[in-house]
Amino acid sequence: MYALIDCNNFYASCERVFQPKLNGKPIVVLSNNDGMVIAKSNEAKALGLDLGMPYFEIRDMLEKHHVHVFSSNYTLYGDFSRRVVETLRELTSDIEVYSIDECFADLKGFQHLDLLKYGHTMRDTVKQWTGIPVSVGIAPSKTLCKVANKLAKKGPGVVLLDTPEKIDSALRDYPIEDIWGVGWQRARLLRLNGVGTALQLRNMPDHWIRKKMSVTGLRMVYELRGIPCIPLEEHPPAKKQIICSRSFGHFITELKDIEEAMVSYATRAAERMRQQKLVTRDILVWFETSRHNGPFYCGSRVQGLPRMTNYTPDILKATLSATRKIFRKGLRYRKGGVMVLELVPAMTRQFDMLLPRNEEKQESVMAALDKVNRKYGDNTLFYAATGIRREWKMLRQMKSPHYTTQWDELPLAV
DNA sequence: TCTGGGGTCCTAGGACCC
DNA sequence: TCTGGGGTCCTAGGACCC
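What the first sequence shows, in our numbering, is residues 1148 to 1561, in sequence order.
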């Protein structure tokens, strides 16, 4: 059995912890630059407020109903998130931190307990220690935990789905739109095929699901049947890409202003790369005009770096070069960002370089590669220097005249 | 030059999540 | 005037090789 512990109206709850007078009052939290609503309290929801509403459209209405408005404060939310996780770790050891306001827990060591009661213990302890209200859903798979949690939020606070009867009754009236893994496209597809509830979806034939919704859809349906297919990830895998992007808050028309913005994003991306001990060979730079008025332009470019690096000056040089290539004079830009891709561990080591047409050197490098390959087995990875971005298993045939090889120093898990 | 099958790698784009 | 900021995974199709 698994549990999903999800904070209620997380950002709004964080703001309320230090201002108890806001209990029972409507609250909204705004995005960066106060662009739009990204969180709301139940009272705000009752007023018809929803995520994604642009601030400028609802400002009068917020004032009229005395809604308390906050600009987002991610430092505060991150801090509360850590406290909630620490509290949960006191209660159970197998925890996956799924997002800033959600944790999954594996309850396999707790089968002898009254799980409903245990769920209430988690809920009460988190509330008492951190001030944040949470809901708990307990079920045989993560997807069913999501269902249980949603039901818990409607009142009981904790919902346990531990028998086929309880699961069936939970799924019977559960709209497909609310299932974890069903977005609006799949919802539309399912509705068009007469599938409206989670129970109907669960009973669809495998081949139909596989054909229409790919293996991810099939996994989801198995999970609804109580067969866990999405494992608990206690140790999050290394990031594959890092994005730093923002709305500018106003229109930018000059190249030098765009360059300034891109340089600051790239600097931050490089910092995060170093924190996570990763290096990159590629960065993607893009910026775009408004989608809401006039023709839409989005310029983007993948810029290769001469070597694997997380060194800020290298990154900035490439960023500026890409920026100049995609900049178009006369447009008004509203948003942009920098993404680093193809991240690999920084301990990946430069091995050697094959020189063009130097057969002797090639042979000696290949011999060394073979040696490494034998040492780490089939899972040893190496990276080609030019043109080819992907990792692949080391093969003797890779005798290209120009490349640099690198590999992960640690043996990889099979 | 044409025929064809099988395989790998890469890219773009779609779909989803919070 | 003003509309978030992160991420992941999967598939189809093209290029290329034997």
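All C-beta atoms, glycine included, are put in the ideal place defined by N, C-alpha and C.
Computed from a prediction, not measured in an experiment: that's the story for all the values here.
Here's the rule: buried if 16 or more other CB atoms are within 10 angstroms of the residue's CB, otherwise exposed. What is W1331? Start at 1 with the first residue of the first sequence, and residue 1331 comes out as number 184. So W1331 ends up on the exposed side.
Return helix, strand or coil for C1376, following the three-state DSSP convention. If you number the first sequence from 1, residue 1376 lands on position 229. Note: C1376 maps to coil in three-state DSSP.
With a threshold of 16 other CB atoms inside 10 Å of the CB of I1399, please say whether the residue is buried or exposed. Translated into positions along the first sequence, residue 1399 becomes position 252. I1399 should be labelled buried.
Within the region 1342 to 1428, ranges of the beta strand (DSSP E) (whole runs, at least 3 residues): You should have 1389 to 1399.
Identify, in the order they occur along the chain, each residue of the same chain with its Cβ nearer than 7 Å to the Cβ of E1506, setting aside the five sequence neighbours on each side. As a working note, residue 1506 is residue 359 in the first sequence. Unreliable positioning characterises E1506 in this predicted model, as indicated by a pLDDT of 49, which lies under 50. The coordinate reading is nonetheless provided below. Within the same chain, E1506 has no close Cβ partners at all.
To test your reading of the DSSP string, which unbroken alpha helix (DSSP H) runs of 4 or more residues are found completely within the region 1211 to 1273? Correct list: 1221 to 1238.
For D1253, count the other beta carbons within 10 Å of its own beta carbon; 16 or more makes it buried, fewer makes it exposed. Which is it? Working through the first sequence from its first residue, we reach residue 1253 at position 106. Counting other Cβ atoms within 10 Å of its Cβ, D1253 reaches 16 or more and is therefore classed as buried.
Expressed to the nearest angstrom, what Euclidean distance is found between the alpha-carbon atoms of V1485 and S1178? For the purposes of this step, residue 1485 is identified with residue 338 of the first sequence, where counting begins at 1. For the purposes of this step, residue 1178 is identified with residue 31 of the first sequence, where counting begins at 1. One alpha carbon belongs to V1485, the other to S1178, and they sit about 19 Å apart.
If contact is defined by three or more beta carbon pairs under 8 Å, each pair taking one atom from either stretch, is the region 1224 to 1244 in contact with the region 1273 to 1283? Yes, since at least three Cβ pairs between the region 1273 to 1283 and the region 1224 to 1244 fall closer than 8 Å, the two stretches touch.
For N1220, count neighbouring Cβ atoms within 10 angstroms of its own Cβ and tell me buried if that reaches 16, exposed if not. On the first sequence, residue 1220 is found 73 positions in, with the first residue counted as 1. Burial call: exposed.
Skipping 5 residues on each side, what residues in its chain have a beta carbon closer than 7 Å to that of G1524? Counting from one through the first sequence, the residue named residue 1524 turns up at place 377. Low local confidence applies: a pLDDT of 45 at G1524 is under 50, so the model's placement there is unreliable, with the coordinate-based value given in what follows. Same-chain partners within the cutoff: there are none.
Which stretch, first to last residue, makes up the beta strand (DSSP E) that contains R1438? Walking along the first sequence from the start, residue 1438 turns up at place 291. No beta strand (DSSP E) contains R1438, which DSSP labels as neither H nor E.
Cβ contact check for the region 1433 to 1442 and the region 1470 to 1484: 3 or more pairs under 8 Å: The region 1433 to 1442 is in contact with the region 1470 to 1484.
Measuring alpha carbon to alpha carbon, tell me which of P1322, R1357 and A1385 ends up nearest Q1422. On the first sequence, position 275 is the one that residue 1422 refers to. The option with the nearest alpha carbon to Q1422 is A1385.
Can you list, in chain order, the residues of its chain whose CB lies under 6 Å from that of A1469, leaving out five sequence neighbours each side? To locate residue 1469, count along the first sequence from 1; it is residue 322. Closer than 6 Å at the Cβ level, and outside the excluded window around A1469, lie V1432, R1448 and Q1450.
Range covered by the beta strand (DSSP E) that runs through L1177: By 1-based counting over the first sequence, the position of residue 1177 is 30. Element bounds for L1177: I1174 to L1177.
Are G1256 and V1305 touching if we call contact CB-CB under 8 Å? If you number the first sequence from 1, residue 1256 lands on position 109. If you number the first sequence from 1, residue 1305 lands on position 158. Their beta carbons are not under 8 Å apart, which means G1256 does not touch V1305 by this criterion.
Where does M1208 land, buried or exposed, given buried means 16+ other C-beta within 10 angstroms? For this step, residue 1208 is matched to residue 61 along the first sequence. By the Cβ-count criterion, M1208 is exposed, with fewer than 16 other Cβ atoms from all chains shown falling within 10 Å of its own Cβ.
Sorted by chain position, which residues of the same chain lie with C-beta nearer than 7 Å to H1212's C-beta, five sequence neighbours on each side aside? In the first sequence, counting from the first residue as 1, residue 1212 sits at position 65. Annotation for H1212: P1173 and L1194 place their beta carbon closer than 7 Å to its own, counting only its chain and skipping 5 residues before and after.
Using 10 angstroms around the beta-carbon of T1466, count the other beta-carbons present and answer buried if the total reaches 16, otherwise exposed. Looking up residue 1466 in the first sequence gives position 319. The residue in question, T1466, is buried, as its Cβ has 16 or more Cβ neighbours within 10 Å.
Less than 7 Å separating the Cβ of V1176 from some heavy atom of the ligand SAH? The ligand SAH is absent from the structure shown, which contains no ligands of any kind.
Among residues of its own chain, excluding the 5 on either side of K1387, which ones have a beta-carbon nearer than 7 Å to its beta-carbon? By one-based count along the first sequence, residue 1387 stands at place 240. Answer for K1387: L1490, listed in chain order.
With H, G and I counted as helix, E and B as strand and the rest as coil, what does DSSP make of Y1149? Position 2 of the first sequence, counted from the start, is the residue given in the question as residue 1149. Reduced to three states, the DSSP call for Y1149 is strand.
Going by the DSSP bridge assignment, what does W1327 pair with across the sheet? Counting from 1 along the first sequence, the entry for residue 1327 is found at position 180. Looking at the DSSP assignment, W1327 forms no beta bridge with any residue, so it has no partner.
With H, G and I counted as helix, E and B as strand and the rest as coil, what does DSSP make of T1466? If you number the first sequence from 1, residue 1466 lands on position 319. T1466 carries a helical assignment under DSSP once its states are collapsed to helix, strand and coil.
Closest by CA to T1459, which one among F1474, S1218 and T1427? The count along the first sequence starts at 1 and reaches residue 1459 at position 312. Each of F1474, S1218 and T1427 was checked against the Cα of T1459, and the nearest Cα belongs to T1427.
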